[in-house]
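To convert a position in the sequence shown, counted from 1, into the numbering used here, add 125.
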Amino acid sequence: ALARAGAELAVVYGAIVLTTGPLWGSKAWGVFWTWDPRLTTTLLSLLIYVAYLVLRVFGGDGPGERKFAAALGVLGAANLPIIHFSVEKWAGQHPKVIMAKGGGGLHPDMKVVFFLAMLTFTLLAVCFLWARVRVELARARLARAEEDAIDLGLDDRTEA
126 ALARAGAELA VVYGAIVLTT GPLWGSKAWG VFWTWDPRLT TTLLSLLIYV AYLVLRVFGG
186 DGPGERKFAA ALGVLGAANL PIIHFSVEKW AGQHPKVIMA KGGGGLHPDM KVVFFLAMLT
246 FTLLAVCFLW ARVRVELARA RLARAEEDAI DLGLDDRTEA
């Protein structure tokens with residue numbers, strides 16, 4: 126339940142990043158999309174998590190499908206450090222990491238707003254994750270209860 130909810134949240138937040146980032150980029154650099162290493166690896170990560178969700182929804186619930194989905198989840202998580210280090214290791218459109226020495230840094234007036242926004246979106250993600258995990262666990266309990274009812278012969282579809 127936690128993995129599925131986390132993947133859903135990663136897709137939502139990734140789609141937000143890959144939608145709003147090019148809007149800002151078109152004003153800053155004059156183009157919506159360049160095959161910048163950070164953009165490309167972020168898109169790859171989003172596609173991996175979309176593939177994970179598609180597999181979980183349409184692939185069945187057998188042990189083979191679960192193992193393959195877990196492998197996709199691990200692959201998506203392994204891509205995250207590549208996204209971070211892509212700015213420093215490969216030349217691209219994006220500047221160096223803001224907080225690194227020699228980087229641009231934030232104006233003092235922006236620090237409070239930046240960290241407040243970071244805290245807000247983190248708490249929002251935690252709330253979404255918690256709610257989605259609860260829904261997924263309730264769905265699993267309902268499916269087990271339906272299976273138990275069928276095993277006990279309480280299925281009302283057989284009476285019709």
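Quick reminder that beta carbons are idealized off the backbone N, C-alpha and C, glycines included.
Nothing here was measured: the structure is a model prediction, and the numbers come from that model.
Taking the Cα positions, Leu164 is about 45 Å away from Ala270. Shortest Cα-Cα distance from His209 to any of Lys236, Ser170, Phe183 involves Ser170.
Straight-line measurement puts the Cα of Tyr138 at about 23 Å from the Cα of Trp154. The C-beta separation of Tyr177 from Ala132 comes to about 5 Å, placing the pair in contact by the 8 Å criterion. Secondary structure at Gly185: coil, using DSSP grouped into helix, strand and coil. Looking at the backbone, the Cα of Val258 and that of Ala126 are separated by about 5 Å. In the three-state reduction of the DSSP assignment, Leu267 falls in the helix class.
With fewer than 16 neighbouring CB atoms inside 10 Å of its own CB, Pro233 falls in the exposed class. In the three-state scheme derived from DSSP, where H, G and I count as helix and E and B as strand, Phe240 is classed as helix. With respect to the 8 Å criterion, Gly146 and Ile173 are not classified as neighbours on the basis of their beta carbons.
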